[in-house]
Amino acid sequence: MTPSPLRRAALVLALAAASGPALAQSNAAPLPQATPGWPSKPVKLVVGFPGGSSPDLVARTLAEPLAKALGQPVIVENKVGAGGNIAADAVANATDDHTLGIMINGNLTIAKLINPKINYDPLKDLSPISLIATAPLALAAPANAPGATANEFLAAARASGDRWSYGTPGVGTVAHIGMELLKAKAGIHPVHVPYPGNPQVINAIIGGQIQLALLPPAMAAAQARAGKLRVLGVTSSGRSTLVPEVPSLAEAGVKDFNLEIWNAVAAPRSLPKPVVARLSALFSEIARNPEVRDKLFQQGWQVTGTTAEGLAKRIQTDTRVLGAVINSQKIKAE
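As numbered in mature numbering (1 follows the signal peptide of the UniProt record, and there is no 0), residues -24 to -1, 1 to 310 make up the sequence shown, in order.
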């Protein structure tokens, strides 16, 4: 017999409590509370990227189980542009109490630091719901890159000074800020070359126009298996289950370097707190469902499924770490 959603949520709480108070506070979702009269109509999941993009796939993976749990249709709406900030602004200003957003970390952390002209403030105008899934970035290089290991490759990069260049999918992206952080920690000095997206970055690596980049691990690993480029390390503190054969950059001597990309759910700050609490519990439970977890893993994500409080803490941490790089390097949207 399949346990009910309430029973499964109770089991999650029990397991978290057994694992210790800190884990229970940071990751375990409370029981979904009753919210009489809500939802009273279809719920929208707004995504700032086109159909088939990673955030879009995450949204569509979550939509069906969310609709079943709420008893209302869940509609995925794509509002493309400005690195997801157009969609984030639409969510922040929604007043119908039925609009949510699937967002990348930049939309919830550094958006205002990168571009003071955007209309919303992620820390003031959005309510965290749940951190759904994370992934490290992978340090990629041409197939004929020097050095047998990441350590040897970084030594070659140091010797090359500013004669090397690195690619990103745009100014102010996590890949851009992450590479600037890597430059500081590893003592390398490649020049930034922005591209429209990661496919163009990969083509530039394969063609030898750039010497390194930070890429989503699943995307980089697929090209590495085809022999088109090399994956030298991942930016997580330890090895990632997504590419367990790839060492972390910490193993190459890059200390205190832990950087991830992520997808999360947020709502307008005006959404009633009981609804926020219920959605936080539901999204956490849905993300941890084995079938959903497997789908997200196949898309290149490690499921987290935190509470609203867990996402809020992650937003604070990433804003502090990435914000320091933005301020020190004076990175601004072009």
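From the three backbone atoms N, C-alpha and C, an ideal C-beta is built for every residue, glycine too. Remember, it's a predicted structure, so these values are computed and weren't measured experimentally.
Cut-off 6 Å between Cβ atoms - residues of its own chain near residue i, not counting five sequence neighbours on either side
i           : result
Val222      : Val207 and Val210
residue 317 : The structure shown does not extend to residue 317, since the chain spans only -24 to 310, so no value can be given for it.
Ala132      : Pro122 and Gly123
Pro6        : Residue confidence for Pro6 is low, a pLDDT of 47 falling below 50, so the modelled location carries little weight and cannot support an answer.
Gly196      : According to the sequence provided, residue 196 is Ala. The question's Gly does not apply to it. So the list reads Ala114, Ala116 and Val207, once near-sequence residues are dropped.
Pro18       : Gln48, Pro49 and Ile51
Val167      : Asp138 and Ser141
Arg290      : Leu107
Range of the contiguous alpha helix (DSSP H) that encloses residue i
i      : result
Thr144 : Looking at the DSSP string, Thr144 is not in any alpha helix (DSSP H); the run it does join, the beta strand (DSSP E), is Ser141 to Thr144.
Thr75  : From DSSP, Thr75 is part of no alpha helix (DSSP H) but of the beta strand (DSSP E) over Thr75 to Ile80.
Asn54  : Taken as a continuous stretch (DSSP letters only), Asn54 belongs to no alpha helix (DSSP H), being part of the beta strand (DSSP E) at Val50 to Asn54.
Lys44  : Ser30 to Leu46
Val67  : Asn61 to Ala68
Val177 : Asn174 to Ile182
Ala87  : Ala87 to Ile90
For residue i, the residue or residues it bridges with in DSSP
i      : result
Arg264 : Paired residue(s): none; Arg264 is not in a bridge.
Ala114 : Leu191 and Val210
Met155 : Paired residue(s): none; Met155 is not in a bridge.
Val167 : Ser141
Pro104 : Ala242
Leu205 : Pro118
Ala160 : Its beta-bridge partners do not exist; DSSP assigns none.
Ala109 : Asn239 and Val279
Residue range of the beta strand (DSSP E) that includes residue i
i      : result
Ala132 : It is not in any beta strand (DSSP E) - Ala132 instead sits in the alpha helix (DSSP H) that spans Ala126 to Ser136.
Ile94  : Taken as a continuous stretch (DSSP letters only), Ile94 belongs to no beta strand (DSSP E), as it is neither H nor E.
Val22  : Val19 to Val23
Same chain only: Cβ atoms within 7 Å of residue i, ignoring 5 sequence neighbours per side
i      : result
Gly299 : Ile86 and Leu89
Gly173 : Pro145
Ala226 : Ser213 and Phe233
Ile186 : Ser141, Tyr142, Gly143, Val169 and Ala180
Ala119 : Gly203, Lys204, Leu205 and Arg206
His165 : Gly137, Asp138 and Lys159
Ala126 : Leu115, Leu208, Gly209, Pro223, Leu225 and Ala228
Ile302 : Ile86, Leu89, Ile90 and Ile153
Near the ligand ADP: residue i beta-carbon under 7 Å from a heavy atom
i      : result
Pro266 : Ligands are entirely absent from the displayed structure, and the ligand ADP is therefore not among its contents.
Sequence-distant residues of its chain with Cβ nearer than 8 Å to residue i (five each side left out)
i      : result
Ile105 : Leu76, Ala240, Val241, Ala242, Ala243, Val252, Leu255, Ser256, Phe259, Ala284 and Leu287
Tyr171 : Gly143, Thr144, Pro145, Gly146, Val177 and Ala180
Glu53  : Lys20, Leu21, Val22 and Val23
Val56  : Gly24, Phe25, Pro26, Ile62 and Ala63
Check whether the segment 135 to 151 touches the segment 65 to 76, taking contact to mean three or more Cβ pairs, one atom from each stretch, closer than 8 Å. Here the segment 135 to 151 does not lie against the segment 65 to 76, with fewer than 3 beta-carbon pairs under 8 Å apart.
Every unbroken beta strand (DSSP E) within the segment 218 to 303, with a cutoff of 3 residues, ordered by chain: 236 to 244
Tell me whether the segment 95 to 105 and the segment 31 to 38 touch, counting them as touching only if at least three CB pairs, one residue from each stretch, are closer than 8 Å. no
Given 8 Å as the limit, is there contact between the segment 17 to 27 and the segment 76 to 84, that is, 3 or more CB pairs closer than that? yes
Would the segment 153 to 166 and the segment 225 to 239 be scored as touching if the rule is three or more Cβ pairs under 8 Å? yes
Check whether the segment 56 to 71 and the segment 244 to 253 are in contact - that is, three or more C-beta pairs closer than 8 Å. yes
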